[in-house]
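Under numbering that gives the first Met the number 0, think of the first position of the sequence shown as 0, with each following residue one higher.
Notes follow once the structure below has been shown.
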Amino acid sequence: MKMKNDAANEGWSIIIKPKTGLFEVNIAELIKYRDLILLFVKRSFSAQYKQTILGPLWFLISPLLTTVMFTLIFGNIAGFETDGVPQFAFYLCSTAIWQYFSTCLSETSNTFTTNKNIFGKVYFPRLTMPIATVIFSLINFLVVFCAALVTIIVYMIQGANISISYRILLVPVLVLQTALLGLGVGIIISSMTTKYKDLKVLVSFGIQLWMYATPVVYTPSQLPDTLRRIVMLNPVSPIVVNFRYAMMGCGELEITYWIISAFVTLFLLAGGILLFNKVEKTFMDTV
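Structural data, given as structure tokens:
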């Protein structure tokens, strides 16, 4: 729907009109509702950590526990290679970027079904909800990112084969792509779940399978050439590999696969917006 200031039209200061195109995204309107986005972020924070003993510390505890598990199982027991860098730093960096993507995807995929009561009562740009989810997830990511940075510095002081350099400037670009990819896939799934409810059951299972199809707990160099090419065509794979390269200098910068991943990201985001705009017109009849 589209809002226009038109005081001359029957004395109304705001006119709400339907969208004319499926790809129509009113950026000015989203900016106007930035306070609402901030309120949704605060709401997500309160809902997730209300009546918890440790509260926001779970931002850090959960990925650290995951990293310890990966280090024990995949690093020590399975003996997976980590490109010559300390195992804990390797898995913490991988966990940070993967967790951001998976959280963006899983939370935005519930946009319509979780918020149907709000959507049915008042008008606001529907995209503010998934955007708020991505921003809230970014707060979580920044905490884990800082922990990974401290871990890397400690290992550097101890003389580990690890370094921080100008490569770290790639991190904001990779994080932005991760957010857009998670948002795109998430709103596609969210739009489809308004009609096909059983997709909600498959999302968490699908994310787990997607993680193992992404070099989060292993390096692409461990794979046979054919399998490596297939894995690297996964749009999340170049992001994870390049994120570790940017943070620690391990592995190689995957330029070709990264470019392919960027085009896939833009395609999925455009497809998500198209489907989202189409579904939001009638989703109250099916959700």
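C-beta: ideal position from N, C-alpha, C; glycine also.
So residue i is in the alpha helix (DSSP H); what residue range does that whole segment cover?
i, result
"Ile130", "127 to 156"
"Ser61", "57 to 69"
"Pro171", "170 to 192"
"Tyr99", "86 to 107"
"Thr81", "Run containing Thr81: none; DSSP gives neither H nor E here."
"Phe111", "110 to 113"
I'd like the list of long-range same chain contacts for residue i, defined as Cβ closer than 8 Å, with 5 residues on each side in sequence excluded.
i, result
"Leu274", "Ile186, Ile187, Ser190, Met191"
"Gly250", "Asp82, Thr218, Pro219, Ser220, Val240, Arg243, Tyr244"
"Asp284", "With a pLDDT of 48 at Asp284, under the threshold of 50, the modelled position of this residue cannot be trusted, and the question is left open."
"Leu173", "Ile96, Ile238, Asn241, Phe242, Ala245"
Between residue i and the rest of its own chain, which residues show a CB-CB distance below 6 Å, the 5 nearest in sequence each way excluded?
i, result
"Gly74", "Gln86"
"Val170", "Ala245"
"Glu106", "Thr132"
"Phe287", "No statement about residue 287 is possible, as the shown extent of the chain runs from 0 to 286 and does not include it."
"Ala269", "none"
"Phe140", "Tyr99"
"Val263", "Pro234"
Rounded to whole angstroms, how far is the Cβ of residue i from the Cβ of residue j, which I believe are closer than 8 Å?
i, j, result
"Ala178", "Leu148", "Not quite, the Cβ-Cβ distance comes to about 19 Å (not below 8 Å), so this is no contact."
"Leu59", "Ala146", "6 Å"
"Val143", "Ala95", "4 Å"
"Leu180", "Phe100", "7 Å"
"Val184", "Leu267", "6 Å"
"Gln176", "Ile238", "6 Å"
"Thr213", "Trp97", "7 Å"
"Tyr32", "Phe111", "At roughly 18 Å, the Cβ-Cβ gap does not stay under 8 Å, so Tyr32 and Phe111 are not in contact."
"Leu91", "Thr66", "5 Å"
Within a Cβ cutoff of 7 Å, which residues of the same chain sit near residue i, ignoring the five residues on either side of it in sequence?
i, result
"Ile151", "Ala88, Ile161, Ile163, Met246, Met247"
"Ala261", "Gln176"
"Asn114", "Met128"
"Thr70", "Gln86, Phe87, Tyr90"
*asked:* So within the stretch 204 to 279, which uninterrupted alpha helix (DSSP H) runs reach at least 4 residues, ignoring any that extend past its ends?
replied: 224 to 231, 235 to 247, 254 to 278
*Would you be able to state if there are at least three C-beta pairs under 8 Å between the stretch 251 to 271 and the stretch 192 to 205?*
Taking 8 Å as the limit for Cβ pairs, the verdict is that the stretch 251 to 271 does not touch the stretch 192 to 205.
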